[in-house]
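Right, one structure below, let's go through it.
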Ligand SMILES: *Cc1c(COP(=O)(O)O)cnc(C)c1O
């Protein structure tokens with residue numbers, strides 16, 4: 011291939027050209043502070059208002075429910091810590107799941123250190139939370155349930171609608187980390203009973219360092235950043251105007267193309283999974299076949315090291331991820347793969363490919379051929395393992 015094949019859209023996405031073009035004026039000539047009352051400032055304030063309307067349009071909510079942040083991590087922190095502060099008098103019980111993003115899990119650990127009680131729900135072997143366990147875990151003093159809309163590693167879609175229904179009769183807030191889901195699948199928080207929702211621009215072809223938190227009307231989380239009166243007095247600091255403008259355009263574009271793009275990605279996803287399952291032995295799909303993000307392919311290959319495979323595929327011009335995270339120099343299998351019951355060795359042989367709207371069938375065919383080669387080489391390199399493979403074949 012004469013170009014890089016980018017199959018890591020769950021890590022980040024390339025900015026759309028029209029997003030980039032829309033941002034340029036606000037990086038150069040339209041540099042007014044949105045809080046200033048002269049024209050240059052008012053123009054910036056109007057640009058923010060437009061972006062807020064664009065995002066609200068995608069969520070079918072009121073623009074006043076959208077608060078701009080620095081990204082998914084800040085939105086998640088604000089939703090959790092803000093709720094904990096707001097509801098301190100009502101209870102200290104929080105429910106989340108074992109396969110959340112670290113932006114949720116590490117914030118929950120922080121809250122535990124501050125005296126909050128966190129229940130981490132189990133998931134089944136497909137990575138779907140157990141609804142009965144949620145119902146059992148709900149207490150009168152539960153203040154928050156935070157369950158992601160879609161998982162970033164295995165692409166599993168969580169039963170958000172069902173959770174929303176269960177929580178309608180309960181005082182606990184419902185937060186969802188929709189960083190992976192926003193722009194990929196339709197989500198209307200008001201219809202679904204969602205009180206708080208996090209999203210991040212760079213996961214849907216917008217710029218990095220820019221996201222938002224949706225807050226249901228009449229829900230007033232305390233400010234997270236203290237200072238000026240920006241964002242209705244709830245999130246201080248001069249707004250990142252250019253990025254917010256870009257994120258607004260990106261949101262609108264995603265929504266417009268959602269049906270077409272997701273159909274295309276689903277077809278390519280299933281084609282890729284089918285080919286790998288048929289052509290590479292000792293391989294299995296992680297996550298649900300049906301309840302799955304359109305572009306997610308996550309597979310475990312027995313007897314290989316995923317990190318090595320990622321580097322070898324990079325040599326072939328392919329960008330993808332492995333099922334482990336390198337923390338402090340040591341490779342730890344991901345908590346998501348652990349939560350669905352994979353043993354550490356299988357988890358370490360896991361690769362994630364996340365398709366983008368521009369991914370082609372030729373790229374998938376090329377990638378599958380390279381995966382076959384890399385997996386074969388890695389299995390062959392480990393003679394004792396390859397003996398095991400041959401023995402079983
Ligand atoms: C990427 C991601 C985040 C963090 O978003 P940033 O904007 O990179 O801080 C949070 N949750 C999920 C599910 C993600 O995929």
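In our numbering, the protein residues as written are 11 to 403.
Cβ coordinates follow ideal geometry from the N, Cα and C atoms, glycine included.
Predicted, not measured: the structure shown is a model, and the values here were computed from it.
Item	Value
As assigned by DSSP and simplified to three states, the class of residue 245	strand
Option in 39, 75 and 36 with minimal Cα separation from residue 4	The first residue shown for the chain is 11 and the last is 403, placing residue 4 beyond what the model contains.
Beta-carbon spacing of residue 313, residue 292 below 8 Å	yes
4-residue-minimum alpha helix (DSSP H) runs that sit fully inside the stretch 99–143, ordered along the chain	112–123
Euclidean distance between Cα positions of residue 213 and residue 207	15 Å
Boundaries (first-last residue) of the beta strand (DSSP E) holding residue 78	76–79
Cutoff 8 Å: residue 131 Cβ touching any chain C Cβ	Checking the listed chains, one finds no chain C in this structure; it contains a single protein chain.
Meets three-Cβ-pair contact criterion under 8 Å: the stretch 256–275 and the stretch 209–227	yes
Ligand 1 heavy atom lying under 7 Å from the CB of residue 194	no
Euclidean distance between Cα positions of residue 209 and residue 189	4 Å
Residue 233 versus residue 91 - alpha carbon distance	10 Å
Minimum C-alpha distance to residue 216 - residue among 11, 19, 52 and 320	19
Limits of the unbroken beta strand (DSSP E) element including residue 261	No beta strand (DSSP E) holds residue 261; the alpha helix (DSSP H) holding it covers 251–289.
Through-space distance from residue 30 to residue 224, alpha-carbon basis	24 Å
Whole-number beta carbon distance between residue 148 and residue 182, since they are thought to touch under 8 Å	7 Å
Residue from 140, 131 and 102 with nearest C-alpha to residue 123	102
Through-space distance from residue 332 to residue 386, alpha-carbon basis	17 Å
Delimiting residues of the alpha helix (DSSP H) encompassing residue 333	First-last for residue 333: undefined, no H or E at that position.
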